[in-house]
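Colleague: Protein sequence lines correspond, in order, to chains A and B. Note that this note's numbering has the first sequence beginning at 20, numbered continuously upward. Note that this note's numbering has the second sequence beginning at 265, numbered continuously upward.
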Amino acid sequence: MTDSEVSRSTMSTFINSQAEVWAQLDQPWDQARLVVLDFETTGLSSRDAIISYGAVHIDAGRVVGRSSVYGLVRPDVALTPDSIRVHAIREQDLAQAPALPEALDPLFASMVGRVLVAHTAWVETGFLDRAMLARGLSVDLTVIDTAELAWSHFGLPRDPHRSPGLETVASRLGLPVFSPHYALGDAWTTAVILLAMARHRAQDQTLTLRDLVTASHPDKHRRFGVVRHPRKSRRQ
Amino acid sequence: MQEIADFLAVHPPFTELDRAELDKLATVVDVQYHLAGDRVIESGQPSLGAALVVRVGRVEELNSEGTVVDEIEAGDVFSLDTVRAGLSYRTAARAAEDSLIYLVPLPDKLKGGHVAPLSSSGQLTRLERLFDAAQGKVVDSMRPIILYDASTPITEVAQAMSAAHTSCSLVTSPDNQIGVVTDSDMRRLVASGEVPVTAPVGTIATFPALTIGSDALLGDAYLSMVDVGIHHLVVVDPRGQPIGVMRTLDVASAELRNPLMVRGFIERAATQEDLVQAGALLMPSIVELIDSGLSIDYVARLQSGVVDAIVRRAVTLGSTLEVSQPNVWLLQGSMARREPLPSSDVDTAVCRPVGALGDASVHLQDASRVLRLIEHTGLATCEKGANADNPLFNRTEDEWRQAVARWFDNEDVAGVLALASIVADTRPVTGQPVSPLVEAVSAAVAHERFMRVLARHSLTLRPPLGFVRDFVVHHSGEYRGQLDLKKGGLIPVTTLARWLALRTGDVSGSSLERLDRGVEAGLITSDHRDMLAGAYTIFMTVLAKQQARTIKAGEKPSGFLRPDQLDPLQRRQLREAFRAVDAVQSELAARAGMSRL
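Dropping the structure here:
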């Protein structure tokens with residue numbers, strides 16, 4: 020198989036594993052298999068591209084360090100000074116990195132059979148959708164959004180025009196922030212935030228994945244489908 | 265993950281790792297989050313295979329009673345020894361606050377026990393060491409119970425406890441509660457007259473008794489006792505029925521048996537029962553020290569120090585004499601020389617000061633009470649009667665002076681030897697040195713006949729020649745199945761050393777120190793000293809190791825050895841040691857113009 024065929028095969032395996040994901044929805048959250056992911060990008064518009072990804076698994080309510088994956092992606096657009104200021108990744112850092120779609124193979128492999136978790140998840144799902152569509156593939160991604168969970172966790176009225184920042188949420192929960200603006204670090208921070216908020220939500224009731232997915236999508240029609248998001252700033 | 269590596273870098277034991285090792289370790293750390301009140305670890309749960317490091321929050325360590333025994337704060341590690349040993353957790357852990365916990369697999373470098381203290385409080389390491397030696401189950405160490413109805417007269421229960429050699433009895437109340445009554449309750453309330461002996465035992469029992477499940481671990485049982493400050497725990501079956509009793513000393517771990525700690529317990533013993541329990545920790549600690557390969561003269565010094573403390577405390581707690589000037593208690597024999605073996609008994613004497621009130625019988629009875637207490641701690645008093653409750657060894661200062669003068673003139677060899685022992689191997693454990701005995705040391709060398717008899721005797725105590733198969737060969741041509749190593753090895757050396765001590769006018773210290781002084785005084789050569797000291801150390805070491813084995817087998821240690829139990833190296837060492845002693849004796853005898861036949 021060519022690299023391209025391998026890549027398509029990895030993506031197909033991921034897509035085919037969605038049945039496994041749906042089958043887990045009614046399980047208690049701390050018995051399920053999750054994958055927490057984060058992208059660093061050149062920006063947030065439809066012309067922007069992924070430049071790095073990080074992901075880590077949560078199994079049985081525990082962040083599994085060994086499952087961490089991280090990779091750089093050579094974008095097909097130029098980096099902007101603003102984005103370099105955020106994540107400190109330069110053109111020369113990416114010169115030797117693989118390009119899409121193969122570059123995401125390890126990430127798709129890591130996501131097989133797992134419910135996705137991300138902070139301000141429309142960014143991650145949007146880029147994933149585009150990566151799949153480039154292969155002519157598509158799937159309704161099931162995703163838990165820790166930014167959405169944070170509104171209700173802190174008892175704040177949801178503001179549809181902005182998201183609670185990752186570091187802000189971690190700090191308010193008294194949790195460490197892992198290497199900010201480094202994709203794997205943000206994935207870890209997101210994972211730890213999810214553990215804390217899910218434990219609190221599960222204090223008096225059985226908390227299923229469906230409960231978390233539902234709470235992540237206050238706008239019902241987006242719950243279990245591809246996220247069609249508005250254009251807006253990602254982080255505070 | 266850099267955050268994890270940075271955090272571990274400043275918290276022991278991970279401070280032992282370099283940056284590359286920390287970075288590698290950080291990639292395999294898992295993370296859990298627990299709400300306040302959640303169980304993090306259940307007691308008995310198999311090891312997670314990783315050290316639990318509190319990253320945020322606080323975790324409490326719980327014993328089987330649910331009592332908090334330690335707090336693990338951010339940066340502290342929970343149950344490191346469990347991970348190192350791959351054992352099940354012996355205590356439970358509960359989040360005291362919402363807590364983020366890192367599960368850190370230990371790299372091989374940290375799996376040894378050589379790391380810095382783990383807990384900022386220091387308590388964690390102490391508890392972990394404690395548990396290491398107390399992993400056994402309560403059910404395997406408990407003692408049988410005696411059980412009485414609360415209405416039973418105290419006298420009847422006291423008799424039953426005495427007959428059963430137990431320090432407590434269980435008591436059932438009319439509403440079926442289980443209580444406990446101990447020796448200490450009896451003494452405190454009954455012996456003091458506060459409660460009549462005919463009263464129902466229920467009036468002095470404690471209800472309800474603290475209980476522990478038979479499946480509980482010894483470490484948990486001990487912690488329960490320490491927490492509540494009690495010495496007895498009632499062991500119950502799953503239905504709550506009492507099936508046994510645990511005493512503190514049954515669960516005491518190696519740490520507790522450390523001689524220094526034992527000594528501390530002895531010195532702090534407030535009651536006779538405390539002293540008995542503390543004293544019972546001595547022999548296990550000595551056995552462990554012998555097994556650890558520590559030099560035998562060092563172990564003997566430790567044993568001697570603890571025995572001193574026991575005798576001193578026994579005099580304080582056991583004597584009821586009301587006197588302005590207390591009696592002087594003396595240790596004799598190997599305890600006085602600070603070179604006891606595990607089998608050594610405690611030989612004692614008393615000197616009553618000038619003007620001591622009360623007739624001899626009062627003092628003898630009082631000494632007897634002290635000696636019985638000493639015996640209860642597990643130490644043996646002298647079988648041959650060298651005890652402070654024997655009128656020959658319990659005298660006023662004047663009587664000692666008269667006795668010493670009489671003995672110097674004694675024609676009888678046995679009398680000479682007895683005097684030499686009393687004068688040379690005596691050390692006060694309470695009060696000041698006894699003048700008549702101190703004066704006798706200085707006077708001895710002038711008593712030519714006394715010294716000559718002593719010298720001759722010390723050169724005629726001949727060690728065996730060696731071994732033939734499983735028999736010991738003696739000079740007399742006799743073959744014996746057992747080797748009396750005390751008589752055939754130790755006594756020839758200690759007797760010679762005692763003669764040297766009296767010749768030099770300084771009887772302090774051990775036999776080895778006396779040999780050194782004999783060299784300094786030109787009485788023996790340094791070759792003689794080396795040969796005798798080497799032989800003596802071999803005798804002591806072989807005997808001590810043998811006695812440690814005997815004690816561990818639950819038997820009474822003695823000075824006898826069976827040749828078939830010696831390994832080839834020990835046989836060779838002993839044979840050479842016997843020959844060394846014999847050679848020195850022959851040379852000294854030849855020098856003195858003595859015949860050794």
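Glycine included, C-beta positions come from ideal geometry on N, C-alpha and C.
(1) Do S415 (chain B) and M425 (chain B) have their CB atoms nearer than 8 angstroms?
(2) With a threshold of 8 angstroms between beta carbons, is V293 (chain B) in contact with chain A?
(3) List the endpoints of the continuous alpha helix (DSSP H) containing V845 (chain B).
(4) Taking 8 angstroms as the cut-off, decide whether the C-beta atoms of I638 (chain B) and V575 (chain B) are in contact.
(5) Taking 8 angstroms as the cut-off, decide whether the C-beta atoms of R565 (chain B) and I530 (chain B) are in contact.
(6) Just the Cα atoms here: how many angstroms apart are F33 (chain A) and A357 (chain B)?
(7) Taking only beta-carbon positions, decide if H219 (chain A) is within less than 8 angstroms of chain B.
(8) Quick test of the definition: if touching needs 3 or more C-beta pairs under 8 angstroms, does the segment 219–234 of chain A touch the segment 174–182 of chain A?
(9) Using a Cβ-Cβ cutoff of less than 8 angstroms, which residues in the same chain neighbour N658 (chain B) once the five nearest sequence positions on both sides are dropped?
(10) Can you check whether the CB of V680 (chain B) is closer than 8 angstroms to the CB of V634 (chain B)?
(11) Measure the alpha-carbon distance for S28 (chain A) versus T331 (chain B) and round it to whole angstroms.
(12) When you compare only the Cα positions, how much space is there between L374 (chain B) and P276 (chain B)?
(13) What would DSSP say about Q50 (chain A), mapped onto helix, strand or coil?
(14) Using the beta-carbon of each residue, which ones in chain B are nearer than 8 angstroms to P195 (chain A)?
(15) Closest by CA to S774 (chain B), which one among B:T789, B:T801 and B:F672?
(16) Considering only C-alpha positions, which residue in the set A:R154, A:T187 and A:I108 is nearest to A169 (chain A)?
(17) Using a C-beta cutoff of 8 angstroms, does Q541 (chain B) count as contacting chain A?
(18) Would you check if the segment 776–785 of chain B and the segment 802–819 of chain B touch, i.e. whether three or more CB-CB distances between them fall below 8 angstroms?
(19) Roughly how many angstroms lie between the CA atoms of E675 (chain B) and L779 (chain B), to the nearest whole one?
(20) Determine the DSSP secondary structure at I409 (chain B), reduced to helix, strand or coil.
(21) Can you give me the start and stop residues for the beta strand (DSSP E) that H298 (chain B) sits inside?
(22) Could I get the ranges of all uninterrupted beta strand (DSSP E) runs contained in the segment 698–770 of chain B, with 3 residues as the minimum, in chain order?
(23) Along the chain, where does the alpha helix (DSSP H) containing Y562 (chain B) start, and where does it finish?
(24) Can you tell me which of B:V693, B:T645, B:L643 and B:A708 puts its alpha carbon nearest to the alpha carbon of V668 (chain B)?
(25) Tell me the rounded alpha-carbon separation between A166 (chain A) and E59 (chain A).
(26) Please confirm if Q46 (chain A) has its CB atom under 8 angstroms from at least one CB of chain B.
(27) Taking the Cβ atom as the reference point for each residue, do Q46 (chain A) and T227 (chain A) lie within a distance shorter than 8 angstroms?
(28) In whole angstroms, what is the alpha-carbon distance linking S36 (chain A) and V320 (chain B)?
(29) From this set, B:G622, B:A854 and B:E647, which residue's C-alpha is nearest T660 (chain B)'s C-alpha?
(30) In or out: L594 (chain B) buried (at least 16 other Cβ within 10 Å) or exposed?
(31) Give the C-beta separation of L119 (chain A) and A74 (chain A) to the nearest angstrom, bearing in mind that I take them to be a contact with Cβ-Cβ under 8 angstroms.
(32) Using a Cβ-Cβ cut-off of 6 angstroms (strictly less than) and excluding sequence neighbours within five positions of G339 (chain B), which residues of its own chain qualify?
(33) Which first and last residues belong to the alpha helix (DSSP H) in which R636 (chain B) is found?
(34) Quick check: P472 (chain B) and Q505 (chain B), are their CB atoms within less than 8 angstroms of each other?
(35) Give me the residue from B:I410, B:V459, B:G619 and B:S405 with the minimum Cα distance to I418 (chain B).
(36) Give a yes or no on whether the minimum CB-CB distance between G80 (chain A) and chain B is below 8 angstroms.
Modeller: In short, the structure shows the following:
(1) Reading the second sequence from its first residue, position 151 is the one you call residue 415 (chain B). Reading the second sequence from its first residue, position 161 is the one you call residue 425 (chain B). Result no, Cβ atoms of S415 (chain B) and M425 (chain B) do not sit closer than 8 angstroms.
(2) Indexing the second sequence from 1 puts residue 293 (chain B) at position 29. Interface residue, yes.
(3) One-based indexing of the second sequence puts residue 845 (chain B) at position 581. From DSSP, the alpha helix (DSSP H) with V845 (chain B) extends over P832 to R855.
(4) The residue you call residue 638 (chain B) lines up with position 374 of the second sequence. The residue you call residue 575 (chain B) lines up with position 311 of the second sequence. Result yes, Cβ atoms of I638 (chain B) and V575 (chain B) sit closer than 8 angstroms.
(5) The count along the second sequence starts at 1 and reaches residue 565 (chain B) at position 301. The count along the second sequence starts at 1 and reaches residue 530 (chain B) at position 266. No, the pair does not count as a contact, with Cβ atoms beyond the cut-off.
(6) Sequence index remark: in the first sequence, residue 33 (chain A) carries index 14 (1-based). Sequence index remark: in the second sequence, residue 357 (chain B) carries index 93 (1-based). If you take the alpha carbons of F33 (chain A) and A357 (chain B), they lie about 39 angstroms apart.
(7) Along the first sequence, one-based indexing puts residue 219 (chain A) at 200. By this cut-off, H219 (chain A) is an interface position.
(8) Counting Cβ pairs under 8 angstroms, fewer than three are found: no touch.
(9) Your numbering for residue 658 (chain B) matches position 394 in the second sequence. A613, V614, R616, A624, H627, L628, A631 and A652, listed in sequence order.
(10) The count along the second sequence starts at 1 and reaches residue 634 (chain B) at position 370. The count along the second sequence starts at 1 and reaches residue 680 (chain B) at position 416. The answer is no: Cβ separation not under 8 angstroms.
(11) Along the first sequence, one-based indexing puts residue 28 (chain A) at 9. Along the second sequence, one-based indexing puts residue 331 (chain B) at 67. Going from the Cα of S28 (chain A) to the Cα of T331 (chain B) covers about 56 angstroms.
(12) Position 110 of the second sequence holds residue 374 (chain B). Position 12 of the second sequence holds residue 276 (chain B). Rounded to whole angstroms, L374 (chain B) to P276 (chain B) spans 10 angstroms at the Cα level.
(13) Here residue 50 (chain A) is taken as the residue at index 31 of the first sequence, counted from 1. Of the three classes helix, strand and coil, the one that applies to Q50 (chain A) here is helix, per DSSP.
(14) The sequence position of residue 195 (chain A) within the first sequence is 176, counting from 1. Result: E267, F271, R319, V320 and L364.
(15) As a first step, residue 774 (chain B) is located in the second sequence; it is residue number 510 there, counting from the start. Residue B:T801 is the option with its Cα nearest to S774 (chain B).
(16) Against the first sequence, residue 169 (chain A) aligns to sequence position 150. Among A:R154, A:T187 and A:I108, the Cα nearest to that of A169 (chain A) belongs to A:T187.
(17) Mapped onto the second sequence, residue 541 (chain B) falls at position 277. So no, Q541 (chain B) is outside the interface.
(18) Cβ pair count under 8 angstroms is below three, so no.
(19) Locating residue 675 (chain B) in the second sequence gives position 411, where the first residue counts as 1. Locating residue 779 (chain B) in the second sequence gives position 515, where the first residue counts as 1. Approximately 27 angstroms between the Cα atoms of the pair.
(20) As a position in the second sequence, residue 409 (chain B) is number 145, starting the count at 1. Coil.
(21) Reading the second sequence from its first residue, position 34 is the one you call residue 298 (chain B). H298 (chain B) -> beta strand (DSSP E) spans D294 to H298.
(22) 730–732 and 735–737
(23) Position 298 of the second sequence, counted from the first residue, corresponds to residue 562 (chain B). Run containing Y562 (chain B): I560 to G582, per the alpha helix (DSSP H) assignment.
(24) Here residue 668 (chain B) refers to the residue found at position 404 of the second sequence. When each option's Cα is compared against that of V668 (chain B), the closest is B:A708.
(25) Sequence index remark: in the first sequence, residue 166 (chain A) carries index 147 (1-based). Sequence index remark: in the first sequence, residue 59 (chain A) carries index 40 (1-based). Cα-Cα distance, rounded: 17 angstroms.
(26) Looking up residue 46 (chain A) in the first sequence gives position 27. So no, Q46 (chain A) is outside the interface.
(27) Numbered from 1 along the first sequence, position 27 holds the residue referred to as residue 46 (chain A). Numbered from 1 along the first sequence, position 208 holds the residue referred to as residue 227 (chain A). Against a cut-off of 8 angstroms, the Cβ pair of T227 (chain A) and Q46 (chain A) comes out as a contact.
(28) As a first step, residue 36 (chain A) is located in the first sequence; it is residue number 17 there, counting from the start. As a first step, residue 320 (chain B) is located in the second sequence; it is residue number 56 there, counting from the start. Cα to Cα, S36 (chain A) sits roughly 36 angstroms from V320 (chain B).
(29) The count along the second sequence starts at 1 and reaches residue 660 (chain B) at position 396. Check the Cα spacing between T660 (chain B) and each of B:G622, B:A854 and B:E647: the tightest is with B:G622.
(30) The residue you call residue 594 (chain B) lines up with position 330 of the second sequence. Buried.
(31) As a first step, residue 119 (chain A) must be located in the first sequence, where it is residue number 100. As a first step, residue 74 (chain A) must be located in the first sequence, where it is residue number 55. No, L119 (chain A) and A74 (chain A) are not in contact; Cβ-Cβ is about 16 angstroms, not under 8 angstroms.
(32) For the purposes of this step, residue 339 (chain B) is taken as the residue at position 75 of the second sequence. Only H275 meet the Cβ criterion.
(33) Here residue 636 (chain B) refers to the residue found at position 372 of the second sequence. First-last of the alpha helix (DSSP H) with R636 (chain B): A624 to H640.
(34) Looking up residue 472 (chain B) in the second sequence gives position 208. Looking up residue 505 (chain B) in the second sequence gives position 241. No. Outside cutoff.
(35) If you number the second sequence from 1, residue 418 (chain B) lands on position 154. Answer by Cα proximity: B:V459.
(36) Here the question's residue 80 (chain A) lines up with position 61 in the first sequence. G80 (chain A) counts as touching chain B.
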